[in-house]
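**Student:** Sharing a structure, written as structure tokens. Questions coming.
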Amino acid sequence: MRILLVEDDALLGDGIRAGLKLADYAVDWVRDGEAARLALLDHAYQACLLDLGLPRRDGLSLLGDLRRQGHQLPVLILTARDTSADKIAGLDAGADDYLTKPFDLLELQARLRALIRRAGGAATPTLAHAGIVLDPASKRVTRDGQEVALSAREFTLLHDLLRHKSHIRSRSQIEESLYAWGEETGSNTVEVYIHNLRRKLGVNFIRTVRGLGYRLGDAD
Amino acid sequence: MPDRRGRPQSLRRRLLRTVGIAAMLALAASGALSYRQAQHEAEELMDGHLAQSARLLLALASDRQDHLADLARPLATLAAAEASGYEAPLEFQIGRGDGSLLLRSQDAPNASLLATPGYTVIEHDGHPWRLLTVASSAADYRVQVGQSIRLRDRAALELASQAVLPMALISPMLLLLIYLAVRRALKPLDDLAGDVAARSPANLEALPGHRAPLEAQPLISALNRLLIKLRETLDRERRFTADAAHELRTPLAAVRVQAQVAQLTVDTDDRRRALAQVLAGSDRATRVVEQLLRLARLDPLADVARAADVDLAEIARQVFAERPPDGEGRQIRLRAADRPLQVSGDAELLRIVLGNLLDNGMRHTPPGSTITVFARRDRHQVALGVADDGPGVAPDELPRLAERFYRGRAARSEGSGLGLAISQRIAELHGTCLEFENLPGGGFEARLRWPGWRRSPAG
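One line per chain: the protein sequences are A and B, in this order.
If you're matching positions, the first sequence starts at 4 in my numbering and goes up one per residue.
If you're matching positions, the second sequence starts at -13 in my numbering and goes up one per residue.
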């Protein structure tokens, strides 16, 4: 799960990044509006946390441009501006949620989960396929009611596949969602995680589509 | 306007009293004058009447000297006349030139007919009487007529009263009119007072002046100017409070998030790091609060409290000596004049300004830049400041630099956003100005400048 964090304050940005990492998000952190625009051009994110008062480019104008270009990315505004007028302006500019500083880290995580779930078109908090149920909040996965122990990366990969149930996910797409900038990725790490997931969830749960990537199959 | 006991006096009462008293005095004086005039006229009228009667009697006596006795009865009616109106009863004596009496009314005063012709006043029946003695031209007859002055006075009084009465009737009406006029004239002032009294700090709109009288216009303009100033001050305070809250909110949010990270993480290194960040965040919040307090303390001052002769070159040397360490390879230089540059000011405050300027220079230049702390003299002006060879500031941002909490578009938010605002305030207290300039050859300079500087005798 890859998140773009746009926050100009060093201390706060560092805190949010650390807090989201605890929830196994891959976080790209940029500190001004222009850098955010460039990051959005280059990468696919599951959500964006956006501060409003930014150097070089204001958060609201960035958001406005994003929506004008038809970008569907879930955006949560995270700001010290706390009047109703500010919130209305933010939501009307295309934000999906609005949180004022200071905020509770756990609440931020929950709101992010809800945003990402909704963006995937689901209202129920858990994702299920062929007897496998994934709960993003508690980070638990069950197979036919039995809990399955997964590593953080395995969990994130499974979450990604479940959110794109009917799609084929390429290896680079999966890597995008697994790693933030600067995190080293081995050449075959995705294959290792897929192998582990198959071992734990059933060989046919994940199918390889030759030359294209992976998709969910039927459990055996 | 305070009275002798220091209480404010009512303009209305004062006007009413003054105008009322003046009107009443004028009425009374004119009444008294009319009364005297009327009385005098009445006297002359009566005297004329007396003279006419005397001459008539004289003519009668000359004409009918043989039948005077026959006239006694009809002439008695003169004396018997009712004492009413202007017809006061008339007593008379008629005699010959030698003083012998020919005829007299019943109650005529017993005065000699040989008295000098003319008016006299005598005592008769215990009352004063007005007597007129006349003699015929041939001096063969003399006539004396008299009237009781009391009765004459009564007639005169009646006449005079009629002249004064309307004035007495007018006076209450006049007082009422004065009261109404004063009240009406002062109503715009009352309205103005009511309008001002009804104001709340939330409503500082200008007072409407079109209905107020000319005399109140300067007051209204002054009030409106005050209202505008008040509104600006309030707006500034409101904005400042909002900005201050915002400035504190960010480090507090950071502290909270980092504390939660420390609480949630299982990794010892992560926890140690998060806790270090908590400390850094609380330090920053403290710094913002300190700067806010410093600004709050400087704000109400009108000038420097402890002004002394200060050497700008020495201040530059001190700030340079205490410069903060720079881990990014910036080179900091000192360019201070060899000879003292004396100005009147507070050395402590000037050090704060120069320290802030140096901080800013280091924060807003790329690593490896050269920053110069300077105190220089240029003919008749001296300047204290910091210059760098960095990228400078966008021209449209220059005027806003010293605004509270303003940060340039390219800036990061580690500063409190108050340093230049504080410096600006200190500059104002020193009667000088804080200037920013993009240098022609590249780079940026911020300085305090004293124009019209003259070397003091001590320096």
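No residue lacks a Cβ here, since even glycine has one placed at the ideal position from N, Cα and C.
Remember, it's a predicted structure, so these values are computed and weren't measured experimentally.
Please name the residue in 134/A, 216/A, 64/A, 108/A whose C-alpha comes closest to that of residue 16/A.
**Tutor:** As a first step, residue 16/A is located in the first sequence; it is residue number 13 there, counting from the start. That would be 108/A, whose Cα lies nearest to the Cα of residue 16/A.
**Student:** What residue range is occupied by the uninterrupted alpha helix (DSSP H) comprising residue 11/B?
**Tutor:** On the second sequence, position 25 is the one that residue 11/B refers to. From DSSP, the alpha helix (DSSP H) with residue 11/B extends over -3 to 49.
**Student:** Determine, using beta carbons only, whether residue 22/A comes closer than 8 angstroms to chain B.
**Tutor:** Locating residue 22/A in the first sequence gives position 19, where the first residue counts as 1. Yes, residue 22/A counts as interfacial toward chain B.
**Student:** So what does residue 364/B bridge to, in DSSP terms?
**Tutor:** For the purposes of this step, residue 364/B is taken as residue 378 along the second sequence, with counting starting at 1. Paired residues: 367/B.
**Student:** Taking the C-alpha atoms as reference points, what is the distance between residue 290/B and residue 336/B?
**Tutor:** In the second sequence, the residue the question calls residue 290/B occupies position 304. In the second sequence, the residue the question calls residue 336/B occupies position 350. Approximately 11 angstroms between the Cα atoms of the pair.
**Student:** Helix, strand or coil: how does DSSP classify residue 292/B here?
**Tutor:** Taking the first residue of the second sequence as 1, we reach residue 292/B at position 306. If DSSP states are grouped into helix, strand and coil, residue 292/B belongs with coil.
**Student:** At the 8 angstroms Cβ level, is residue 267/B part of the contact set with chain A, yes or no?
**Tutor:** Taking the first residue of the second sequence as 1, we reach residue 267/B at position 281. So yes, residue 267/B belongs to the interface.
**Student:** Is residue 404/B close to chain A, meaning its C-beta is less than 8 angstroms from at least one C-beta of that chain?
**Tutor:** On the second sequence, residue 404/B is found 418 positions in, with the first residue counted as 1. Cβ-Cβ to chain A under 8 angstroms: no for residue 404/B.
**Student:** In the DSSP output, what is residue 57/B paired with across the bridge?
**Tutor:** For the purposes of this step, residue 57/B is taken as residue 71 along the second sequence, with counting starting at 1. Answer by DSSP bridge pairing: none, since residue 57/B is not bridged.
**Student:** Excluding five sequence neighbours on each side, which residues of the same chain lie with their C-beta closer than 6 angstroms to the C-beta of residue 261/B?
**Tutor:** As a working mapping, residue 261/B is identified with position 275 in the second sequence. Result list for residue 261/B: 248, in chain order.
**Student:** Return yes when the Cβ of residue 47/A is within less than 8 angstroms of the Cβ of residue 178/A, no when it is not.
**Tutor:** The sequence position of residue 178/A within the first sequence is 175, counting from 1. The sequence position of residue 47/A within the first sequence is 44, counting from 1. It is not a contact, given that the beta carbons lie outside the stated cut-off.
**Student:** How should residue 438/B be labelled, buried or exposed, when 16 other C-beta atoms within 10 angstroms of its C-beta is the threshold for buried?
**Tutor:** Here residue 438/B refers to the residue found at position 452 when the second sequence is read from its first residue. Under this definition residue 438/B is an exposed residue.
**Student:** Who are the neighbours of residue 100/A on chain B, taking C-beta pairs under 8 angstroms?
**Tutor:** The count along the first sequence starts at 1 and reaches residue 100/A at position 97. Residues of chain B passing the Cβ test: none, with the nearest at roughly 16 angstroms.
**Student:** Can you tell me which of 416/B, 345/B, 282/B puts its alpha carbon nearest to the alpha carbon of residue 431/B?
**Tutor:** Locating residue 431/B in the second sequence gives position 445, counting from the first residue. The option with the nearest alpha carbon to residue 431/B is 345/B.
**Student:** What residues in its chain sit with their C-beta under 8 angstroms from that of residue 129/A, if we drop five residues either side in the sequence?
**Tutor:** Along the first sequence, one-based indexing puts residue 129/A at 126. For residue 129/A, where only same-chain residues beyond five positions count, the Cβ hits under 8 angstroms are 136, 137, 138, 139.
**Student:** Which residues share a DSSP beta bridge with residue 48/A?
**Tutor:** Within the first sequence, the letter at position 45 stands for residue 48/A. In the DSSP output, where bridge partners are listed per residue, residue 48/A has none listed.
**Student:** Could you please tell me which residues of the region 62 to 93 of chain A, in chain order, have their CB closer than 7 angstroms to any CB of chain B?
**Tutor:** 83
**Student:** Where does the unbroken alpha helix (DSSP H) through residue 531/B begin, and where does it stop?
**Tutor:** With chain B running from -13 to 445 in the structure shown, residue 531/B is simply not present.
**Student:** Do we get a CB-CB distance below 8 angstroms when we pair residue 139/A with the residues of chain B?
**Tutor:** Residue numbering aside, residue 139/A sits at position 136 when the first sequence is read from its first letter. So no, residue 139/A is outside the interface.
**Student:** Are there 16 or more other CB atoms within 10 angstroms of the CB of residue 184/A, so buried, or fewer, so exposed?
**Tutor:** For the purposes of this step, residue 184/A is taken as residue 181 along the first sequence, with counting starting at 1. Exposed is the call here.
**Student:** Cβ closer than 7 angstroms: which chain A residues qualify as neighbours of residue 232/B?
**Tutor:** One-based indexing of the second sequence puts residue 232/B at position 246. Close partners of residue 232/B in chain A (Cβ separation under 7 angstroms): 83.
**Student:** Between the Cα of residue 2/A and those of 110/A, 115/A, 86/A, 152/A, spot the shortest distance and give me the residue it belongs to.
**Tutor:** Here chain A covers residues 4 to 223 and nothing more, so residue 2/A does not appear.
**Student:** Taking only beta-carbon atoms, is residue 158/A less than 8 angstroms away from chain B?
**Tutor:** Here the question's residue 158/A lines up with position 155 in the first sequence. No, because no Cβ of chain B sits closer than 8 angstroms to the Cβ of residue 158/A.
**Student:** Where DSSP assigns a beta bridge to residue 329/B, which residues make up the other side?
**Tutor:** Against the second sequence, residue 329/B aligns to sequence position 343. Its beta-bridge partners are 296/B.
**Student:** Helix, strand or coil, according to DSSP, for residue 408/B in the structure here?
**Tutor:** As a working mapping, residue 408/B is identified with position 422 in the second sequence. Residue 408/B falls in the helix class under three-state DSSP.
**Student:** List, in order along the chain, the chain A residues whose C-beta lies closer than 7 angstroms to that of residue 271/B?
**Tutor:** Here residue 271/B corresponds to residue number 285 of the second sequence, with the count starting at 1. Neighbours of residue 271/B on chain A: none; closest Cβ ~10 angstroms, over 7 angstroms.
**Student:** What are the start and end residues of each continuous alpha helix (DSSP H) run of 4 or more residues lying completely inside the region 100 to 167 of chain A, in chain order?
**Tutor:** 108 to 122, 155 to 166
**Student:** Is the beta carbon of residue 100/A less than 8 angstroms from the beta carbon of residue 76/A?
**Tutor:** Residue mapping note: residue 100/A aligns to position 97 of the first sequence, counting from 1. Residue mapping note: residue 76/A aligns to position 73 of the first sequence, counting from 1. Pairing residue 100/A with residue 76/A gives a Cβ-Cβ distance that is not under 8 angstroms.
**Student:** Are there 16 or more other CB atoms within 10 angstroms of the CB of residue 77/B, so buried, or fewer, so exposed?
**Tutor:** Position 91 of the second sequence, counting from 1, holds the residue named residue 77/B. With 16 or more other Cβ atoms within 10 Å, it is buried.
**Student:** With distances taken Cα to Cα, identify the nearest neighbour of residue 162/B among 362/B, 410/B, 3/B, 418/B.
**Tutor:** Position 176 of the second sequence, counted from the start, is the residue given in the question as residue 162/B. Residue 3/B is the option with its Cα nearest to residue 162/B.
**Student:** Cutting at 8 angstroms between CB atoms, please list the residues of its own chain near residue 454/B, excluding the five before and the five after it.
**Tutor:** This structure cannot speak to residue 454/B, because chain B is shown only from -13 to 445.
**Student:** Can you find a C-beta in chain E that's less than 8 angstroms from the C-beta of residue 387/B?
**Tutor:** Within the model displayed, chain E is absent; protein chains A and B are what it includes.
**Student:** So for residue 424/B, helix, strand or coil by DSSP?
**Tutor:** Against the second sequence, residue 424/B aligns to sequence position 438. Three-state DSSP puts residue 424/B in a strand.
**Student:** Taking just the CA atoms, how far does residue 227/B sit from residue 196/B?
**Tutor:** Residue numbering aside, residue 196/B sits at position 210 when the second sequence is read from its first letter. Residue numbering aside, residue 227/B sits at position 241 when the second sequence is read from its first letter. Approximately 36 angstroms, taken between the alpha carbons.
**Student:** In terms of alpha-carbon separation, which member of 98/B, 252/B, 433/B, 412/B lies closest to residue 422/B?
**Tutor:** Counting from 1 along the second sequence, the entry for residue 422/B is found at position 436. Of the candidates 98/B, 252/B, 433/B, 412/B, the one whose C-alpha sits nearest the C-alpha of residue 422/B is 433/B.
**Student:** Output, in chain order, the set of chain B residues within a Cβ distance shorter than 8 angstroms of residue 55/A.
**Tutor:** Position 52 of the first sequence, counted from the first residue, corresponds to residue 55/A. Correct list: empty, because the minimum Cβ distance to chain B is about 11 angstroms.
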